[in-house]
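Under full-length UniProt numbering, the letters of the sequence shown match residues 1 to 457, in that order. Glycine included, every Cβ here is placed at the ideal spot set by N, Cα and C. Note sheet for the following structure.
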Amino acid sequence: MHLGVILNRVFRTKDNPLFHYIVKHQNEINKLYFILPLEDLTDASEVKRDYYHKVVKGFVNALDKYDIQPYIVTYDKLGDLADTLALSHVLVAKDIMSYHKEIYDYPHVKQAFENHRVTVIGQRVNHYFEPTKTFNKQQQPYKVFTSFYKANRQDLVRTPKKSYQVKQLAQIAEKGLNQSDLKFTNSKDAEKLARKAWDDFLNGDIVRYDKLTDDVTQDFVSGLGRSLAYGLLDIREIINDLLEGYDSDETNYEAFIREVIFREFYYVLMTQYPETATKSFSEKCRSMEWSYNKAHFEVWRKGQTGFPIVDAAMKKLNRTGYMHNRLRMVVSQFLTKNLFIDWTWGEDYFRQYLIDYDNASNVHGWQWSASTGTDAVPYFRMFNPIRQSERFDAQGYFIKTQLEIFNDVISKYIHDPTKYKSKLQELYHIEIGKDYPEAIVNHKDSRAYVMDKFKQL
Ligand SMILES: Cc1cc2nc3c(=O)[nH]c(=O)nc-3n(C[C@H](O)[C@H](O)[C@H](O)COP(=O)(O)OP(=O)(O)OC[C@H]3O[C@@H](n4cnc5c(N)ncnc54)[C@H](O)[C@@H]3O)c2cc1C
């Protein structure tokens with residue numbers, strides 16, 4: 001066969017199931033081409049776009065060290081390239097979720113190649129469970145996380161390492177061309193950096209994970225999200241490491257494994273219910289009359305709501321492409337409940353800005369907050385952003401990293417500046433409404449409105 005290997009979002013040389021497949025089937029391969037299709041991220045934030053390009057460049061450099069040069073093209077050129085190279089088969093990651101655009105997902109890519117009469121071979125690369133095989137005892141999809149977790153936790157087992165030498169691939173691969181505008185000068189190997197960050201976490205903060213995962217002032221989380229979204233590490237290797245260290249600290253390791261299974265749950269769910277990418281999982285909620293107030297959305301997006309915890313979180317996202325899980329819950333509840341804006345607007349904004357964007361986790365994270373999803377937060381348990389701020393950033397340390405205006409302010413006045421506006425004026429000469437915005441909504445009023453809207457359904 002004339003085999004093209006499609007490399008997007010499997011940006012790793014180690015534990016790469018596509019590489020393993022090639023070595024195992026090399027006797028059947030007459031010609032081998034590596035193809036790296038570039039995603040179009042023109043509508044993404046600059047920080048996210050830069051990160052993607054950095055990762056791609058690092059990966060291409062890493063391959064070059066083994067004397068492998070892939071064809072680098074844009075997605076829309078894939079079909080033409082398949083014709084030019086007379087490919088009979090392509091090897092594709094079949095569990096890639098929309099990490100930026102749906103058209104880069106397996107079903108679309110598969111269809112595109114089949115239109116060019118190319119046979120598609122799909123391989124698992126970035127997830128653990130198989131959506132076509134993961135059902136409950138009634139052969140129905142799991143809709144509740146706890147049942148999914150309880151039933152599938154025992155299926156996590158140590159997997160043997162993939163044995164192949166990247167050098168072996170170079171010996172049989174044809175040399176490709178860079179047909180893109182990207183210049184591949186010395187770039188850091190993102191896979192190595194990801195592996196180091198993961199090892200550091202295993203040797204350090206994992207022992208605090210269960211207790212301190214919600215502490216937004218310290219970075220006790222793993223940062224694994226981005227490594228998984230770009231395929232820098234294989235989830236099977238992550239599970240191997242977690243099972244290996246498990247006995248040393250069951251509580252913290254189990255807490256972490258639970259979160260990783262959350263990612264699998266959402267992936268399986270999304271594959272089984274693809275329509276929930278844009279529609280509420282709850283059919284009842286599809287007729288909800290959300291607000292489409294653009295001015296409110298702008299204020300939320302820019303971090304000018306007058307609720308410091310929300311504003312600081314949004315500013316951090318805009319600057320760095322990252323937001324802590326607790327803060328994702330706070331800002332998504334604020335948008336969908338306090339401002340009552342359609343969750344799909346928030347989901348799309350996160351798509352453009354989050355470096356670790358993962359369609360399934362994001363869509364279902366948003367639907368959790370909006371109370372439209374499966375296993376979502378009940379609508380009557382609406383977060384109070386001031387209370388969240390007092391609980392998870394009690395001293396205001398996180399807020400101060402993003403909103404300099406509060407640098408000298410004592411914690412008592414930070415969480416609800418509108419309430420303490422005279423104190424802020426008197427003690428710190430901060431004028432609420434001028435130097436920092438007045439709260440855009442009153443939490444009690446929003447709560448009453450949301451209750452009413454959901455009850456009407
Ligand atoms: C509104 C909203 C949007 C979200 N969007 C995304 C997204 O686009 N991409 C994404 O990877 N996660 C998303 N999450 C889940 C979670 O916030 C991130 O996985 C986490 O913050 C990433 O940081 P970390 O890797 O340091 O997390 P850690 O706390 O170190 O967790 C380790 C890993 O476990 C998984 N995980 C942890 N929490 C969750 C969760 N609630 N749902 C699914 N998987 C989880 C992730 O793979 C994560 O990398 C979202 C959550 C919410 C509430």
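Any non-hydrogen atom of ligand 1 within 7 Å of residue i CB
| i | result |
| --- | --- |
| D348 | no |
| D358 | yes |
| H324 | yes |
| N362 | yes |
| G122 | no |
| M329 | yes |
| S369 | yes |
| Y266 | yes |
| S332 | yes |
| W198 | no |
| G245 | no |
| E259 | yes |
| I313 | A small correction: the amino acid at residue 313 is Ala; Ile does not occupy that position in the sequence shown. No, ligand 1 has no heavy atom inside 7 Å of this Cβ. |
| F262 | yes |
| T374 | no |
| G231 | no |
| W290 | no |
| T213 | yes |
| G303 | no |
| S222 | yes |
| G225 | yes |
| W300 | no |
Limits of the unbroken alpha helix (DSSP H) element including residue i
| i | result |
| --- | --- |
| Q425 | 421-428 |
| H296 | 294-302 |
| I68 | Neither: I68 is in no alpha helix (DSSP H) and is coded neither H nor E. |
| T251 | 250-272 |
| N442 | No alpha helix (DSSP H) contains N442, which DSSP labels as neither H nor E. |
| E191 | 190-203 |
| G225 | 224-229 |
| V310 | 308-320 |
| I386 | 385-392 |
Residues of its chain near residue i, where Cβ-Cβ distance is below 8 Å and the 5 sequence neighbours each way are ignored
| i | result |
| --- | --- |
| I172 | I22, Q26, I29, L32 |
| F11 | V55, V56, G58, F59, A190, E191, Y230, G231, L232 |
| I341 | W290, S291, Y292, N293, H296, F297, W300, L335 |
Residue range of the unbroken beta strand (DSSP E) whose run includes residue i
| i | result |
| --- | --- |
| F406 | Element bounds for F406: n/a, residue is neither H nor E. |
| P417 | Taken as a continuous stretch (DSSP letters only), P417 belongs to no beta strand (DSSP E), as it is neither H nor E. |
| I239 | From DSSP, I239 is part of no beta strand (DSSP E) but of the alpha helix (DSSP H) over 235-245. |
| Y33 | 31-38 |
| A93 | 89-93 |
| H2 | 2-6 |
| Q123 | 119-123 |
Proximal residues to residue i (C-beta, below 6 Å), its chain only, five neighbours per side dropped
| i | result |
| --- | --- |
| C285 | T372 |
| R49 | L41 |
| F145 | F265, D375 |
| K143 | T374 |
| A448 | none |
| Y379 | S371, F454 |
Residues that residue i bridges to, as DSSP identifies them
| i | result |
| --- | --- |
| V450 | Beta-bridge pairing links V450 to no other residue. |
| Y436 | I432 |
| N178 | I72 |
| A173 | L32 |
| I399 | DSSP lists no partner for I399. |
| S291 | I341 |
Contacts around residue i, its chain only, beta-carbon distance under 7 Å, and the 5 residues preceding and following it disregarded
| i | result |
| --- | --- |
| G223 | A197 |
| F398 | V216, T217, A312 |
| E250 | none |
| T159 | R236, N240 |
Spell out a yes or no on whether the stretch 207-215 and the stretch 337-347 are touching, meaning 3 or more CB-CB pairs, one atom from each, closer than 8 Å. no
Are there three or more Cβ pairs, one per stretch, closer than 8 Å when the stretch 301-310 is compared with the stretch 378-391? yes
Could you say if the stretch 65-72 and the stretch 172-186 meet the contact criterion of at least three C-beta pairs nearer than 8 Å? yes
Below 8 Å, can you find three or more Cβ-Cβ pairs linking the stretch 343-351 to the stretch 268-276? no
So does the stretch 90-102 actually touch the stretch 122-136, counting three or more Cβ pairs closer than 8 Å? yes
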